[in-house]
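Novice: The structure that follows is given in the form of structure tokens.
Residue numbers (the working numbering): 3 to 208.
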């Protein structure tokens with residue numbers, strides 16, 4: 003079952019206040035430790051939400067990109083390597099296709115890193131255990147993974163602010179929205195398609 007969750011209905015503050023109230027009248031050390039763990043989880047969610055709201059506010063503002071010449075092959079590999087531990091934890095062995103020919107682009111590197119990071123984080127939430135990443139010779143990058151629990155209707159809304167699905171327990175619904183905003187600020191395009199139970203996110207910075 004998939005639902006649209008608004009920011010207010012999932013606010014970590016609500017959970018924090020509830021657990022703190024329960025702690026006031028609790029004497030069992032075991033239960034207290036359980037509540038503390040739950041509170042820590044909510045605090046982590048709040049930290050993530052605060053960071054992503056900050057990033058979104060910056061991305062949505064009229065900031066000027068600072069472009070530099072980079073080799074897409076190299077920076078894409080670096081971003082994928084940064085997620086090696088997360089992929090391994092979820093038993094995902096990415097298939098990566100990167101051409102030998104260097105593809106040089108002028109891009110805002112910090113923005114690009116954030117875009118790829120948010121896309122990969124989304125994949126970790128919804129992948130059925132696979133990932134295929136391809137850097138095309140024209141510079142387009144595609145990320146494809148099996149996601150049987152998604153639907154074409156859900157995929158159409160993945161870039162909407164605060165849109166999330168129940169399977170993403172700690173999702174703020176801002177990750178792909180931030181990615182889309184950054185891509186558009188750089189003059190590029192990003193889209194998601196769904197066919198044969200596979201989700202593909204295409205990133206084109208031209």
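The beta carbon of each residue, even a glycine, is placed where N, CA and C say it ideally should be.
Suppose the cutoff is 8 Å on Cβ atoms and the five residues either side in sequence are ignored; what does the same chain contact list for residue 126 look like?
Specialist: Indexing the chain shown from 1 puts residue 126 at position 124. Closer than 8 Å at Cβ, skipping near neighbours: 85, 88, 89, 92, 94.
Novice: By a C-beta neighbour count over all protein chains shown, 10 Å radius and 16 as the cutoff for buried, is residue 30 buried or exposed?
Specialist: Position 28 of the chain shown, counted from the start, is the residue given in the question as residue 30. Residue 30 comes out exposed.
Novice: Whose CA, out of 43, 112, 119, 129, lies closest to the CA of residue 83?
Specialist: To locate residue 83, count along the chain shown from 1; it is residue 81. When only C-alpha atoms are compared, the closest one is 119.
Novice: Helix, strand or coil for residue 217, going by three-state DSSP, please let me know.
Specialist: A query on residue 217 cannot be resolved here, the shown segment of the chain reaching from 3 to 208 and no further.
Novice: Are the beta-carbon atoms of residue 205 and residue 144 separated by less than 9 Å?
Specialist: Taking the first residue of the chain shown as 1, we reach residue 205 at position 203. Taking the first residue of the chain shown as 1, we reach residue 144 at position 142. Cβ distance < 9 Å, so residue 205 and residue 144 count as in contact.
Novice: Please classify residue 124: is it buried, with 16 or more other beta-carbons within 10 angstroms of its beta-carbon, or exposed?
Specialist: Within the chain shown, numbered from 1, the residue matching residue 124 stands at position 122. Flag for residue 124 reads buried.
Novice: When you compare each of 187, 81, 130 to residue 152 by their alpha carbons, which one comes out closest?
Specialist: For the purposes of this step, residue 152 is taken as residue 150 along the chain shown, with counting starting at 1. Closest by alpha carbon: 130.
Novice: Name the one or two DSSP bridge partners that residue 147 has.
Specialist: As a first step, residue 147 is located in the chain shown; it is residue number 145 there, counting from the start. Residue 147 is bridged to 201.
Novice: What is the residue span of the alpha helix (DSSP H) that residue 180 lies within?
Specialist: The residue given as residue 180 occupies position 178 in the chain shown. Looking at the DSSP string, the run of the alpha helix (DSSP H) that includes residue 180 is 177–187.
Novice: For residue 28, I'd like the list of residues in its chain whose CB is within less than 6 Å of its CB, leaving aside the five on either flank, ordered along the chain.
Specialist: For the purposes of this step, residue 28 is identified with residue 26 of the chain shown, where counting begins at 1. Correct list, in chain order: 34.
Novice: Residue 25 to residue 40, Cα distance in whole Å?
Specialist: The sequence position of residue 25 within the chain shown is 23, counting from 1. The sequence position of residue 40 within the chain shown is 38, counting from 1. The straight-line gap from Cα to Cα measures roughly 11 Å.
Novice: According to DSSP, is residue 208 part of a helix, a strand, or is it coil?
Specialist: Residue 208 sits at position 206 when you count from the first residue of the chain shown. Note: residue 208 maps to coil in three-state DSSP.
Novice: What is the rounded straight-line gap between the Cα of residue 160 and the Cα of residue 178?
Specialist: Along the chain shown, read from residue 1 onward, the residue named residue 160 stands at position 158. Along the chain shown, read from residue 1 onward, the residue named residue 178 stands at position 176. Approximately 7 Å, taken between the alpha carbons.
Novice: Can you have a look at residue 108 and say buried or exposed, based on whether 16 or more other CB atoms are within 10 angstroms of its CB?
Specialist: Taking the chain shown and counting its residues from 1, the one referred to as residue 108 is at position 106. So residue 108 ends up on the exposed side.
Novice: Pull up the CB-CB distance for residue 77 and residue 114, whole angstroms please, since I reckon it's below 8 Å.
Specialist: Locating residue 77 in the chain shown gives position 75, counting from the first residue. Locating residue 114 in the chain shown gives position 112, counting from the first residue. Going by Cβ atoms, the distance from residue 77 to residue 114 rounds to 7 Å, so yes, they are a contact pair.
Novice: Considering only the alpha carbon of each residue, which of 202, 112, 155, 117 lies closest to residue 135?
Specialist: Here residue 135 corresponds to residue number 133 of the chain shown, with the count starting at 1. Nearest C-alpha to residue 135: 202.
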